[in-house]
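First comes the structure, then the notes that go with it.
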Amino acid sequence: MAASLEDDFEFNNQDYYSLLNVRKEATLDELKASYRRLCMLYHPDKHRDPELKSQAEQLFNQVHQAYEVLSDAHSRAIYDIFGKKGLEVEGWEVVERKRTPAEIREEYEKLQREREERRLQQRTNPKGTISVGVDATDLFDRYDEDFEEMPGGGFPHIEINKMHISQSIEAPLTNLDTAVLSGSLSTHNGNGGGNINMTVRRIMSAKGWGEVELGAGDILGPLIGLKVFRNLTPRCFLTAQCGLQFSPRGLRPTCSLMTARHLDQNTMGYLQWRWGPNSAMTTSLVRDTKSSHFTLALQLGVPHSYLMMSYQYKFQDEDQTKVKGSVKTGWFGTVVEYGAERKISRHSVLSATVSIGVPQGVTLKIKLARASQTYLFPVHLTDQLLPSAVFYATAGPLLVYLAIHRLIIIPYSQAQKIEELELQRKSSATDIAKKKQEAESAVLLMQESVRRITEAEESKMGLIILNAWYGKFVSDTSQKQEKAKVIDVTVPLQCLVKDSKLILTESSKAGLPGFYDPCVGEEKSLKLLYQFRGVMHQVLSADTEPLRIPKQSHRLESES
Numbered sequence: 027m028a029a030s031l032e033d034d035f036e037f038n039n040q041d042y043y044s045l046l047n048v049r050k051e052a053t054l055d056e057l058k059a060s061y062r063r064l065c066m067l068y069h070p071d072k073h074r075d076p077e078l079k080s081q082a083e084q085l086f087n088q089v090h091q092a093y094e095v096l097s098d099a100h101s102r103a104i105y106d107i108f109g110k111k112g113l114e115v116e117g118w119e120v121v122e123r124k125r126t127p128a129e130i131r132e133e134y135e136k137l138q139r140e141r142e143e144r145r146l147q148q149r150t151n152p153k154g155t156i157s158v159g160v161d162a163t164d165l166f167d168r169y170d171e172d173f174e175e176m177p178g179g180g181f182p183h184i185e186i187n188k189m190h191i192s193q194s195i196e197a198p199l200t201n202l203d204t205a206v207l208s209g210s211l212s213t214h215n216g217n218g219g220g221n222i223n224m225t226v227r228r229i230m231s232a233k234g235w236g237e238v239e240l241g242a243g244d245i246l247g248p249l250i251g252l253k254v255f256r257n258l259t260p261r262c263f264l265t266a267q268c269g270l271q272f273s274p275r276g277l278r279p280t281c282s283l284m285t286a287r288h289l290d291q292n293t294m295g296y297l298q299w300r301w302g303p304n305s306a307m308t309t310s311l312v313r314d315t316k317s318s319h320f321t322l323a324l325q326l327g328v329p330h331s332y333l334m335m336s337y338q339y340k341f342q343d344e345d346q347t348k349v350k351g352s353v354k355t356g357w358f359g360t361v362v363e364y365g366a367e368r369k370i371s372r373h374s375v376l377s378a379t380v381s382i383g384v385p386q387g388v389t390l391k392i393k394l395a396r397a398s399q400t401y402l403f404p405v406h407l408t409d410q411l412l413p414s415a416v417f418y419a420t421a422g423p424l425l426v427y428l429a430i431h432r433l434i435i436i437p438y439s440q441a442q443k444i445e446e447l448e449l450q451r452k453s454s455a456t457d458i459a460k461k462k463q464e465a466e467s468a469v470l471l472m473q474e475s476v477r478r479i480t481e482a483e484e485s486k487m488g489l490i491i492l493n494a495w496y497g498k499f500v501s502d503t504s505q506k507q508e509k510a511k512v513i514d515v516t517v518p519l520q521c522l523v524k525d526s527k528l529i530l531t532e533s534s535k536a537g538l539p540g541f542y543d544p545c546v547g548e549e550k551s552l553k554l555l556y557q558f559r560g561v562m563h564q565v566l567s568a569d570t571e572p573l574r575i576p577k578q579s580h581r582l583e584s585e586s
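And the structure:
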């Protein structure tokens, strides 16, 4: 699902309540009164100058849009929950209008999922895997007593003995149908082959889907397969699969059936039956929580039967570090594995695993997952259980990672963060400049109205705004090196005076006509010096604090 609206950058998401200077709980009559007043102030027909007329049209349209949204109960409910961008999601026009906030949020998430699905249909979603097997047994087996040194020098002989490459792409055909094209190439000790597969998947209903697979290759021959998925209950699902392989030795049918059930919120139980060349019955228990992942599996089959248990611990850190261990024993022998995984960049995860087995020996497996591509490097160190191989397989990758992390990853990440901050700073500066220009235009449009309001207030010794500043103030006793970031808002506030009163709501003052945010992301205040009935008053108010003036407590004591 698409990221929620709260995660988006909301600098341009104008506060409609602040623009109209009304409360969050404002009635329709309060909205109308504020709307009419602002329309009289910004109506384009009141201005003859072409530049002022153009600026008035922009502000008039903003006020009209704010009123249209807040005066409609349905649009207002959406705006209150998701902001301006919530109204831009396609599909609201067909949604029933009488909805509770919880129902609106659910509907929004549904529309977001549908929008994300449309985006996915425009992408091929490529996935790929590259595996390179390395035979490094010469590093340790040369110290064995029975080792016979090959002629040609004293350096260990390391070679790539196998390689596998696979790739797949998706092509959405309709809203319900998707085609997947995949292929792979493999080689091992000089022998290899490849295959290509075509799968068409169709969503039958909200409870299930089915797919047909056609394949061809030079190893096993053509393949025809069918797979069906079905939710039996909200806590249980079933997957059935069958196939027919046309091999050089004749037809080779296969069939498998798997059912799974949610045992609790974090635990799943699986039961699988597989019939064919490798017939088996497997049962497993998987428990996945925020801090750990546990798996217990038992398989009875021909030719392989085994018991496996694995545990993974998830550290709650920024790099999503995980440590894991597992033990697997069966007819083939016993294998113990342990390793770690860590996120090294925004889209990359690196892991290393040491595998110790009888009779397999010691193998180091390195895996790098970047976006949808996976790179595997299994390095076979020895066929014997040599303590030296286990030590170097454990300590070697750790020391290399620490060196690379300190010398490459950390400087690269810091450079990326600096670049992102610089881009954000430039973007913020551009937005502030645009808002500043809009505020200055609004102040120009207010001049005539402010003149009339001031004359009316002076005639009855009413409320006169002498000076007003908005932004971040710096005291003399602290943060002396920091520069204050304030703007003059005397004219916009005088314009809001009505009947010798000024009422500001709890919304951020940055959205008021003639205001803008001079210090995005920092704490702001509003400082006023005003005169009422010939007496000087002063007040300092927090940005989101409601304010009503005049007030007796704001009065300045006269000097003796």
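Going left to right, the sequence shown walks through residues 27 to 586 as the working numbering numbers them.
Yeah, the Cβ is synthetic: ideal placement off N, Cα and C, and Gly gets one too.
Nothing here was measured: the structure is a model prediction, and the numbers come from that model.
Less than 8 Å between C-beta atoms, sequence neighbours within five positions excluded: which residues of the same chain meet that for residue i?
i	result
Ser-273	Leu-246 and Gly-247
Asn-587	Any property of residue 587 remains undetermined from this structure, which presents the chain solely from 27 to 586.
Phe-173	Low confidence applies here, because Phe-173 scores a pLDDT of 48, under 50, leaving its location unreliable; read the following figure in that light. Within the same chain, Phe-173 has close Cβ partners Asp-167.
Excluding the five sequence neighbours on either side, which residues of its own chain have a C-beta within less than 6 Å of the C-beta of residue i, listed in chain order?
i	result
Gln-267	Lys-253 and Ser-282
Glu-116	Reliability of the predicted coordinates at Glu-116 is poor, the pLDDT of 49 falling under 50, and the value obtained from them is presented with this limitation in mind. The answer is none, since no qualifying residue turns up.
Ser-317	Lys-340
His-214	Lys-188
Trp-301	Cys-281
Thr-155	Ser-192 and Thr-400
Thr-347	Phe-341 and Arg-368
Val-512	Trp-495 and Gly-497
Tyr-296	Ala-286 and Ser-310
Glu-94	none
Leu-554	Ala-494 and Val-565
If distances are taken between C-alpha atoms only, which option among the options comes closest to residue i?
i	options	result
Asn-292	Met-307, Thr-308, Arg-261 and Leu-270	Arg-261
Leu-240	Ala-419, Gly-209, Glu-344 and Ile-107	Gly-209
Asp-345	His-431, Glu-583 and Asp-55	His-431
Pro-404	Thr-309, Ala-415 and Ala-378	Ala-378
His-563	Ile-435, Arg-581 and Arg-228	Arg-581
His-406	Leu-199, Ser-336 and Ala-419	Ala-419
Trp-495	Val-476, Leu-519 and Asp-98	Leu-519
Arg-63	Arg-372, Pro-70 and Leu-46	Leu-46
Cys-545	Val-517, Gly-497 and Asp-514	Gly-497
His-90	Ala-99, Leu-57 and Val-160	Leu-57
Val-328	Val-226, Leu-555, Leu-522 and Ala-306	Ala-306
Arg-228	Asn-217, Val-206 and Ala-82	Val-206
Ser-371	Arg-313, Ile-434 and Gly-422	Ile-434
Ser-439	Val-523, Ser-374, Gly-216 and Lys-577	Ser-374
Leu-85	His-100, Leu-277 and Glu-464	Glu-464
Ala-232	Pro-413, Glu-549 and Arg-256	Arg-256
Could you spell out the range, first to last residue, of the alpha helix (DSSP H) harbouring residue i?
i	result
Thr-420	413–430
Leu-165	164–167
Met-472	436–485
Ser-305	Premise fails: Ser-305 is in no alpha helix (DSSP H) and is neither H nor E.
Ala-397	Careful: Ala-397 lies outside any alpha helix (DSSP H) and carries neither H nor E.
Phe-108	99–108
Just reading off the beta strand (DSSP E) that residue i is part of, what are its end residues?
i	result
Gln-267	262–273
Asp-514	511–514
Asp-71	Note, Asp-71: premise wrong, no beta strand (DSSP E); not H, not E.
Ala-197	185–198
Leu-326	318–327
Arg-534	Strictly speaking, residue 534 in this sequence is Ser, with Arg absent from that position. Per DSSP, Ser-534 belongs to no beta strand (DSSP E) and is neither H nor E.
Leu-46	Looking at the DSSP string, Leu-46 is not in any beta strand (DSSP E); the run it does join, the alpha helix (DSSP H), is 42–46.
Ser-551	551–558
Ala-242	234–243
His-563	561–568
Ser-210	203–214
His-288	276–288
Gln-338	332–340
Between which residues of its own chain and residue i is the CB-CB distance below 7 Å, once the five residues before and five after are set aside?
i	result
Asn-38	Its pLDDT being 42, under 50, Asn-38 is placed unreliably by the model, and the measurement read from it follows with that caveat. The residues are Asp-457.
Met-230	Gly-236
Gly-560	Met-487
Gln-386	Gly-359 and Val-361
Leu-78	Leu-470 and Leu-471
Check the C-beta distance from residue i over to residue j and give it rounded, since I have them as a contact under 8 Å.
i	j	result
Gly-540	Asp-41	That pair is no contact at about 14 Å.
Asp-543	Lys-460	The Cβ separation is near 11 Å, so there is no contact.
Ala-366	Val-349	5 Å
Tyr-43	Lys-50	6 Å
Thr-163	Thr-408	5 Å
Tyr-68	Ala-52	Not confirmed; about 19 Å, so no contact.
Worksheet item: Can we say the region 532–550 touches the region 562–577, given the rule of at least three CB pairs closer than 8 Å?
Response: Touching, yes, given that three or more Cβ pairs across the two stretches are closer than 8 Å.
Worksheet item: Taking one C-beta from the region 443–456 and one from the region 472–485 each time, how about it: are there three or more such pairs within less than 8 Å?
Response: Taking 8 Å as the limit for Cβ pairs, the verdict is that the region 472–485 does not touch the region 443–456.
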